[in-house]
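To start, the structure itself, in structure tokens.
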Amino acid sequence: CLSRKKVEEMAELLTLNGIKALPYGDKINLIVSADHGMTDISDERFVNANEYLKEEWVGYILGNSPANIYPNEGFADSIFNALKDVEHINVWKKENVPSELHYGSNSRVGAVVVAPEIGWQFGTSPRGIPGAHGYFPSEPDMQVVFRACGPDFKENFIFDTKFSNTDIYPLLCHLLGIKPEAVDGSLDEVKPILK
40 CLSRKKVEEM AELLTLNGIK ALPYGDKINL IVSADHGMTD ISDERFVNAN
90 EYLKEEWVGY ILGNSPANIY PNEGFADSIF NALKDVEHIN VWKKENVPSE
140 LHYGSNSRVG AVVVAPEIGW QFGTSPRGIP GAHGYFPSEP DMQVVFRACG
190 PDFKENFIFD TKFSNTDIYP LLCHLLGIKP EAVDGSLDEV KPILK
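Okay, here's the thing in structure tokens:
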């Protein structure tokens with residue numbers, strides 16, 4: 040159990056002034072961001088897979104936004120055709136998932152992928168929670184804050200160009216002086232924020 044004084048000391052260290060006051064604090068780069076956005080959902084905005092799919096077609100469904108459907112042998116087309124015109128969802132065969140989603144090529148992705156519209160759910164039962172993520176990255180609710188300061192960043196600079204969270208990894212590697220692994224992100228996308 041920490042004393043109130045110790046908690047206050049720790050809280051002060053977590054402020055920007057506290058970081059600057061540390062030994063070598065003027066050499067610290069600080070980035071504040073998030074891994075995903077959030078949006079409101081409700082059990083009333085729910086597309087029930089059981090209303091469209093026959094039990095013998097489906098091996099199992101994993102996830103909900105997006106949902107991966109793993110069909111029983113020979114039923115991928117049946118599942119796709121049953122869902123392709125359903126309101127409030129987008130449905131693709133694995134090989135046709137839009138490339139900008141960076142989703143369809145992994146071996147663990149289901150043969151049919153369902154992405155509900157923002158704020159909607161898809162599955163066999165509603166989730167019973169008020170918020171969710173996993174929707175199209177272009178949706179405003181899926182955008183996240185990004186703030187950065189320190190000796191390697193421009194001061195009072197507002198970068199009004201959107202970039203992907205995948206670009207943060209190469210940025211971190213650059214700041215740390217290490218070689219990044221091959222990823223979808225690119226340092227070039229965020230270079231304008233650097234001095």
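Heads up: the sequence shown is residues 40 to 234, going by this note's numbering.
Cβ atoms here follow ideal geometry from the backbone N, Cα and C, with glycine treated the same way.
Here the structure is a predicted model, which is why all the values come from computation and not from measurement.
Those residues which DSSP pairs with residue i across a bridge
| i | result |
| --- | --- |
| Val152 | Asn107 and Trp131 |
| Val71 | Arg186 |
| Gly162 | Asn87 |
| Ala221 | In the DSSP output, where bridge partners are listed per residue, Ala221 has none listed. |
| Gly170 | Asp79 |
| Phe175 | Answer is none; Phe175 lacks a bridge partner. |
| Leu233 | Phe192 |
Cβ neighbours of residue i in the same chain (closer than 7 Å, five flanking residues each side left out)
| i | result |
| --- | --- |
| Ala115 | Lys132, Ala150 and Val151 |
| Ala121 | Tyr91 and Leu92 |
| Asp79 | Gly158, Pro169 and Gly170 |
| Phe119 | Val130, Lys132 and Val151 |
| Lys234 | Asp191, Phe192 and Lys193 |
| Asp65 | Lys59 and Pro190 |
| Leu210 | Leu226 and Val229 |
| Gly240 | This structure gives no information on residue 240, because the portion of the chain shown stretches from 40 to 234. |
| Thr123 | Checking the sequence, you will find Lys at residue 123 rather than Thr. Within the same chain, Lys123 has close Cβ partners Val130. |
Option nearest residue i by Cα separation, candidates the options
| i | options | result |
| --- | --- | --- |
| Leu55 | Leu69, Lys44 and Pro62 | Leu69 |
| Val125 | Ala88, Pro190 and Lys218 | Ala88 |
| Phe192 | Thr205, Leu214 and Pro179 | Leu214 |
| Gln182 | Ala221, Ala73, Ile128 and Pro105 | Ala73 |
| Pro165 | Arg84, Ser144 and Asn145 | Arg84 |
| Pro137 | Ala154, Pro209, Ser146 and Val86 | Ala154 |
| Thr127 | Ser146, Tyr142, Val86 and Asn135 | Here residue 127 turns out to be His, not Thr, going by the sequence shown. When only C-alpha atoms are compared, the closest one is Val86. |
| Cys212 | Lys201, Asp199, Tyr63 and Leu226 | Leu226 |
Proximity of residue i and residue j at Cβ, strictly below 9 Å
| i | j | result |
| --- | --- | --- |
| Val229 | Ile207 | yes |
| Gly189 | Thr205 | no |
| Glu95 | Asn111 | yes |
| Ser104 | Gly173 | yes |
Continuous beta strand (DSSP E) stretch holding residue i: start and end
| i | result |
| --- | --- |
| Ile100 | Val97 to Gly102 |
Residue range of the alpha helix (DSSP H) that includes residue i
| i | result |
| --- | --- |
| Ile58 | Leu55 to Ala60 |
| Phe119 | Ala115 to Leu122 |
| Tyr208 | Ile207 to Leu215 |
Close-in-space but distant-in-sequence residues of the same chain around residue i (CB under 8 Å, 5 per side omitted)
| i | result |
| --- | --- |
| Glu178 | Gly76, Thr78 and Ile157 |
| Tyr109 | Val97, Gly98, Tyr99, Ile100, Leu101, Gly149 and Ala150 |
| Ser203 | Pro176, Asp223, Gly224 and Glu228 |
| Val184 | Val71, Ser72 and Ala73 |
| Ala187 | Asn68, Leu69, Ile70, Val71 and Ile232 |
| Gln160 | Ile80, Asp82, Arg84, Phe85, Val86, Asn103, Ser104, Arg166 and Ala171 |
Residue-level contact to chain C via CB, residue i, 9 Å cutoff
| i | result |
| --- | --- |
| Ile197 | No chain C is part of this structure, which consists of one protein chain only. |
Same chain only: Cβ atoms within 6 Å of residue i, ignoring 5 sequence neighbours per side
| i | result |
| --- | --- |
| Thr163 | Ala88 and Asn89 |
| Ser117 | Trp96 |
| Tyr142 | Val136 |
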